[in-house]
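Reviewing the structure listed below.
2 protein chains.
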Amino acid sequence: MAGHDKAKRGIPPKGNFNAWYPAIVEIADLVDKRYPIKGMDVWKPYGWKAMTLIDGLTRAEMDRTNHEEYNFPLLVPEDLLEKEIKLVTLLKKAREEGVNPSELRLDEEEAGFKKEVYWVKHAGENELDLPMFLRPTSETPMYTMFSLWVRSHGDLPLKTFQIVNTFRYETKQTRSFIRVREIHFFEAHTAHKDQAGADAQIEEDAMIVQNLLHDLCFPAIVSTRPVWDTFPGAWFSNAVDVVMPNGRTLQVATYHHYKDQWAREFDLKYEDANGQTQFCHQTTFGMSERMLGAVVGMHGDDSGLIFPPKIAPIQVVIMPIAPHLDENVIPKVNEMAGMRKTAGYRVKVDDRDIRPGTKHYDWEIKGVPLRIELGPRDLESGQFVITLRTGGKENHEENELLDVVSNSLLETEIELRARAKVHMQKFVCEFPGIRQTDIGWELVSELEDDKVYELAFDGNDSDAEVLERATGLTFLGDCVEVYSEPRPCAVSGRMTTRKQHLARMY
Amino acid sequence: MAGHDKAKRGIPPKGNFNAWYPAIVEIADLVDKRYPIKGMDVWKPYGWKAMTLIDGLTRAEMDRTNHEEYNFPLLVPEDLLEKEIKLVTLLKKAREEGVNPSELRLDEEEAGFKKEVYWVKHAGENELDLPMFLRPTSETPMYTMFSLWVRSHGDLPLKTFQIVNTFRYETKQTRSFIRVREIHFFEAHTAHKDQAGADAQIEEDAMIVQNLLHDLCFPAIVSTRPVWDTFPGAWFSNAVDVVMPNGRTLQVATYHHYKDQWAREFDLKYEDANGQTQFCHQTTFGMSERMLGAVVGMHGDDSGLIFPPKIAPIQVVIMPIAPHLDENVIPKVNEMAGMRKTAGYRVKVDDRDIRPGTKHYDWEIKGVPLRIELGPRDLESGQFVITLRTGGKENHEENELLDVVSNSLLETEIELRARAKVHMQKFVCEFPGIRQTDIGWELVSELEDDKVYELAFDGNDSDAEVLERATGLTFLGDCVEVYSEPRPCAVSGRMTTRKQHLARMY
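Line by line, the protein sequences give chains A and B. So for the first sequence, the numbering used here puts the first residue at 1007; every next one is plus one. So for the second sequence, the numbering used here puts the first residue at 1007; every next one is plus one.
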């Protein structure tokens, strides 16, 4: 029966992740992909609710850490982009040539590079004097205003964030939540008195990410991206990568230390306590709807989604069984649903006139953590039946309802974290090693297709290139976790505690 | 002292509303208008918080009435606009010619009219094959999807809403919240089995508006717009107008009955219980950041804003007085701030090391409903001092804190509603009458500049035109409230209970 129903809804096995993922996001009614622009999905209520619950967790963290919520205009005038391009190009060139950016001059052509943005050059029937673009991220519009707001050291730190729509003109294949053209985006931007202030902010960002990952019940690899993969304009970029079930890593968060590089370009300075003018040091912290993509990919199974309780749009479904046989069933079910108010749970009563089995499959697909059934026999025995989406079915005394729900939600979280840990152990393997032969470098043994490889690495850029070429994989960067004991570097053989990962990135 | 401080911050007297309004929105730190695109303000945290609290009230009403929240893409392909233009032009023509729209054909030129929208025709360095525009409202993108979602009568009613950014290429002078180019927008769209379903929805919308106005503490005039001012594509449009302190009316909400007019254009139909195919009947309900503009304009005074408690970003400020004289002041203040958690109030402790007077002026400007002071003398007497933004300063026993705050917030709401009622009585006057003379129609007596005129009116379109010409004012439409006793129509003299208003609209 279950097999029949699943087949009917067309859920491929999760083992075939590249088929399962795009199918489940629509079957579970998170999005509708039939909107007539590629890469721009319609958020359905169930998906949007999950996303706003993730936003809620983020806002709580922002509140805890004294960030304030702004909302900036979507459109950015072209001349601000020119400023950014100048900064980015200078830094890139300086990095390549190993010189100080201030010693460089840009020629026309280099500064002329255009980003992958959507342009607004017309309004009504007019061509606009100053073209504008849809923000891909908000450094330029925000820092333009920051320089008006920050005057003295008393104005610092300035800790801002916003949750908005951003746009990227993606030319690669799009995929719901993972690679889209209109992005539901979180970005925090801060300005500090000095580098130490920005350093501390990076620490705080790291903790915020860990808190969110805890609530979402999966681990991630946090790395300082290699220089060549650092966000343009950043001193360094820390990135948070989740290992998806096809072995690809998905970057779900990044936080960047800008030092005073942007501040110099945007003239963001303040008067310090001694009356001296100083440039601010800045950081950025970004996350997006990819976090929901990771939840879907990490926790789902062959039967559908599994939502971590903290962001489950519905935490408990209550299903009356055979209410036509006992008129007290419906009132009791409604009484139980009262935990919506008394305990703040997100509860749904499913009183549709269909087979209980079909209801179970529906809520299984949608990943509701707990299902409760109550029928005439349960009424008689003063009990109810609870089924956990992570597995298990139990009878409990009616008067224990709130405790049972509370414990079962907690149990679900613990089980999801345990599964995610096993998942990571399965996908993150020791790198088998590489050796130099007469004809060049070769792998000690073949790599598996869907794995992330962990290795001790202490080499330079060209050592890294050797590894990336030999493996066809990409360095995630220096992992913030290091080995407790030094190990030999995979290329140079030097002893090091530096841990790195080679992966196929989304 | 107070006068000095106010002058320093540059708040014009509210009597000069056209100077007061644009000044106060920046002085109270709701928005920053220095963003380099005209008509696109930056929402500062204080303004954004107030807006999201209004959104919260709206979401609660949507939840109560079983609407579900969606989120649609911002960009709309050009060909959908063509569909809308065709519908609108046909209906307009049919209305003018008094014929059934289905009997009409459009010629090229009529269908070629372009709306006041922002166009995206380029991305990266490419010109797009299909131009897109930024949604000014979402009928076309939503109804395109509705026709995929609705199959049978079991899918109805479909009650959707979203809170998103929309765009209008305004050529008129912009004004924060009131006339902007990026609009923070609420829109509900519904589809029903038949006209009765849509009729009932319009009733529900009317009640939702009244609930919101009650929470925001001001009344409004609700009218069915004249035919020539009906939303394109609508059968009729009900509009909610607030009378601002310069006598201009501000439309803060509209709800439209579409009958099956859009459904026919977008092929939105379903199979009824008898297996017959039927077109849906639809409604739309829109509100925007104008609601915040109305709050600012309606309740503020010479000293700044006054926030209705339900949407006050800060409901209570607690100020420690002379804490250096008694080390128990700060702990007691923090203990009082515990009502944040125990009672859910939005509380701020202002422990800045500045004069209490300056603090009072700051929070007065920002319209915080309640200010509480506590110093060594209060500690001794077991009391605290509370000041209401609407006026009045009282001493209370410390153990009555929660009751006092709860009662004072309620008192503030009642006082604001009473003031708004007086405001309406001041601004909405009886129309003095009009009479026909040898040289045409003339007013019985001169009109005042900043008033809205109420009148009994039962005339036709040309009678209305006579009145609009003679007064230089605009009809708001048939007021949903009628006169309890018939009165003579201002033009025809026929007895009628139909009440209308002539006003200067924003």
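For every residue, glycine included, the Cβ atom is placed at its ideal position computed from N, Cα and C. Please read all numbers here as calculations on a predicted model, not as lab measurements.
Looking only at C-alpha atoms, which of B:1140, B:1402 and B:1334 sits nearest to residue 1126 of chain A?
B:1140
Under the three-state reduction of DSSP, which class applies to residue 1046 of chain B: helix, strand or coil?
coil
Relative to chain A, which residues along the segment 1182-1206 of chain B have a C-beta separation below 8 Å, given in chain order?
1188 and 1190
When you compare the CB of residue 1077 of chain A with every CB in chain B, is at least one pair closer than 8 Å?
yes
Members of the segment 1027-1042 of chain B that neighbour chain A once the beta carbon cut-off is set at 7 Å:
1038, 1040, 1041 and 1042
Contacts that residue 1050 of chain B makes with chain A (C-beta to C-beta distance below 8 Å)
1076
Taking residue 1340 of chain B as part of the alpha helix (DSSP H), name the residues at either end of that continuous run.
1335-1342
Segment contact flag, the segment 1167-1186 of chain A with the segment 1068-1087 of chain A, C-beta cutoff 8 Å, min 3 pairs
yes
If I measure Cβ to Cβ from residue 1483 of chain B and keep anything under 6 Å in the same chain, skipping five residues before and after, which residues do I get?
1229, 1230, 1231 and 1232
In its own chain, which residues sit with a C-beta less than 8 Å from the C-beta of residue 1358 of chain B, not counting the 5 before and 5 after it?
1365
In angstroms, rounded to a whole number, what distance separates the CA positions of residue 1161 of chain A and residue 1155 of chain A?
8 Å
Whose C-alpha, out of B:1148, B:1090 and B:1223, is nearest the C-alpha of residue 1050 of chain A?
B:1148
Which residues does DSSP pair with residue 1480 of chain B in a beta bridge?
B:1509
Should residue 1132 of chain B be labelled buried (16 or more other beta-carbon atoms within 10 Å of its own) or exposed?
exposed
I need the boundaries of the beta strand (DSSP E) containing residue 1083 of chain A, first residue and last residue.
1081-1083
Identify each residue in the segment 1254-1285 of chain A for which the Cβ-Cβ distance to at least one residue of chain B is less than 8 Å, and report them in chain order.
none
According to the Cβ coordinates, are residue 1529 of chain A and residue 1297 of chain A closer than 8 Å?
Past the boundaries of the shown model lies residue 1529 of chain A; chain A is included only from 1007 to 1512, so the question cannot be answered.
Counting along the chain, where does the beta strand (DSSP E) carrying residue 1289 of chain B start and finish?
1287-1294
Along chain A, which residues have their Cβ under 8 Å away from the Cβ of residue 1083 of chain B?
1042 and 1043
To the nearest angstrom, report how far apart residue 1091 of chain B and residue 1352 of chain B are at their CA atoms.
47 Å
On a CA-only basis, which of B:1041, B:1143 and B:1184 is nearest residue 1027 of chain B? Give me that one, please.
B:1184
Within this structure, are the beta carbons of residue 1043 of chain B and residue 1311 of chain B separated by less than 8 Å?
no
Is it buried or exposed for residue 1294 of chain A, if we count other Cβ within 10 angstroms and need 16 for buried?
buried
Where do the N-terminal and C-terminal ends of the alpha helix (DSSP H) with residue 1061 of chain B fall, by residue?
1051-1070
Looking at chain A, which residues of the segment 1300-1329 of chain B have a Cβ within less than 8 Å of any of its Cβ atoms?
none
Contacting residues, own chain, Cβ-Cβ under 8 Å from residue 1322 of chain B (five flanking each side not counted)
1345, 1351, 1352, 1353, 1354, 1374, 1375, 1376, 1377, 1378 and 1411
Quick one: what does DSSP say residue 1330 of chain B is sitting in, helix, strand or coil?
helix
Using DSSP with H/G/I as helix, E/B as strand and the rest coil, what is residue 1304 of chain B?
helix
Report the option in A:1496, A:1085 and A:1065 whose CA atom is closest to the CA atom of residue 1076 of chain A.
A:1065
Quick one: what does DSSP say residue 1159 of chain B is sitting in, helix, strand or coil?
helix
Identify whether residue 1299 of chain B lies in helix, strand or coil by the three-state DSSP scheme.
helix
For residue 1033 of chain B, collect the residues of the same chain with a Cβ closer than 8 Å to its Cβ; drop the 5 residues on either side in sequence, then sort them by chain order.
1015, 1016, 1017, 1310 and 1371
Run through the DSSP bridge pairs and tell me what residue 1276 of chain B is partnered with.
B:1284
DSSP bridge partner residues for residue 1125 of chain A (one or two, in chain order):
A:1139 and B:1128
Helix, strand or coil at residue 1449 of chain B according to DSSP, with G and I counted as helix:
strand
Would you say residue 1150 of chain B reaches chain A, if we count a Cβ-Cβ gap shorter than 8 Å as a contact?
yes
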